[in-house]
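Numbering (this note's numbering), first residue to last: 228 to 364. We put the CB at the ideal spot given by N, CA and C, even for glycine. Only one structure is covered here, and it is reproduced in the block below.
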Ligand code: CMP
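Structure, rendered in structure tokens:
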């Protein structure tokens with residue numbers, strides 16, 4: 228069993244597709260071990276994406292992630308990290324395979340509907356960033 232962190236980003240929350248996206252996880256074998264709707268502060272977003280601090284898109288990414296509430300979940304299942312990334316599709320929705328979350332719900336590489344941890348190691352770090360142990364079951 229693996230756990231991974233999922234964020235439904237402000238664009239998808241504003242579109243009213245929280246339920247449709249969570250359904251993709253559940254119908255594809257990813258159990259929702261924790262979930263919450265949160266308005267991130269600038270400090271939250273900068274700290275969460277600190278690994279991208281030197282990338283040219285960093286400021287736009289932070290501005291976007293605090294532009295409205297997000298839904299943050301811990302997903303659990305066999306190969307959860309890879310499974311979630313397959314369900315999400317490519318970072319750039321224009322390159323995302325048909326039937327993936329980003330192909331169906333995302334507009335562009337900034338407003339790309341969802342975030343998912345890219346490795347088991349980062350999943351543990353990202354989960355601990357947003358959730359305490361008692362919030363996960
Ligand atoms: P996410 O998986 O949340 O991780 C970092 C985010 O930065 C990424 O999704 C994209 O929404 C955003 N981003 C914007 N431009 C780029 C880029 N050129 N490469 C990667 N990520 C980008």
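Rounded C-beta distance between residue i and residue j? I'm assuming under 8 angstroms.
{"i": "residue 355", "j": "residue 230", "result": "Between residue 230 and residue 355 the Cβ distance is about 11 angstroms, and since that is not below 8 angstroms, they are no contact."}
{"i": "residue 261", "j": "residue 362", "result": "5 angstroms"}
Which value, in whole angstroms, describes the spacing of the CA atoms of residue i and residue j?
{"i": "residue 317", "j": "residue 239", "result": "16 angstroms"}
{"i": "residue 304", "j": "residue 252", "result": "10 angstroms"}
{"i": "residue 333", "j": "residue 322", "result": "11 angstroms"}
{"i": "residue 258", "j": "residue 247", "result": "15 angstroms"}
{"i": "residue 297", "j": "residue 268", "result": "11 angstroms"}
{"i": "residue 299", "j": "residue 319", "result": "20 angstroms"}
{"i": "residue 336", "j": "residue 284", "result": "10 angstroms"}
{"i": "residue 313", "j": "residue 345", "result": "11 angstroms"}
{"i": "residue 325", "j": "residue 236", "result": "20 angstroms"}
{"i": "residue 250", "j": "residue 264", "result": "16 angstroms"}
Use the C-beta contact count for residue i: other C-beta atoms within 10 angstroms, 16 or more gives buried, fewer gives exposed.
{"i": "residue 199", "result": "What is shown of the chain runs 228 to 364, which leaves residue 199 out entirely."}
{"i": "residue 315", "result": "buried"}
{"i": "residue 343", "result": "buried"}
{"i": "residue 241", "result": "exposed"}
{"i": "residue 327", "result": "buried"}
{"i": "residue 340", "result": "buried"}
{"i": "residue 233", "result": "buried"}
Quick one: residues in its chain with C-beta nearer than 7 angstroms to the C-beta of residue i, no 5 flanking neighbours on either side, listed in chain order?
{"i": "residue 272", "result": "289, 292, 293"}
{"i": "residue 347", "result": "229, 308"}
Between which residues of its own chain and residue i is the CB-CB distance below 8 angstroms, once the five residues before and five after are set aside?
{"i": "residue 228", "result": "303, 304, 305, 307"}
{"i": "residue 280", "result": "273"}
Fully enclosed by the region 235-317, which alpha helix (DSSP H) runs are 4 residues long or longer? Whole alpha helix (DSSP H) segments, 4+ residues: 237-242, 245-254, 269-275, 285-292, 307-315.
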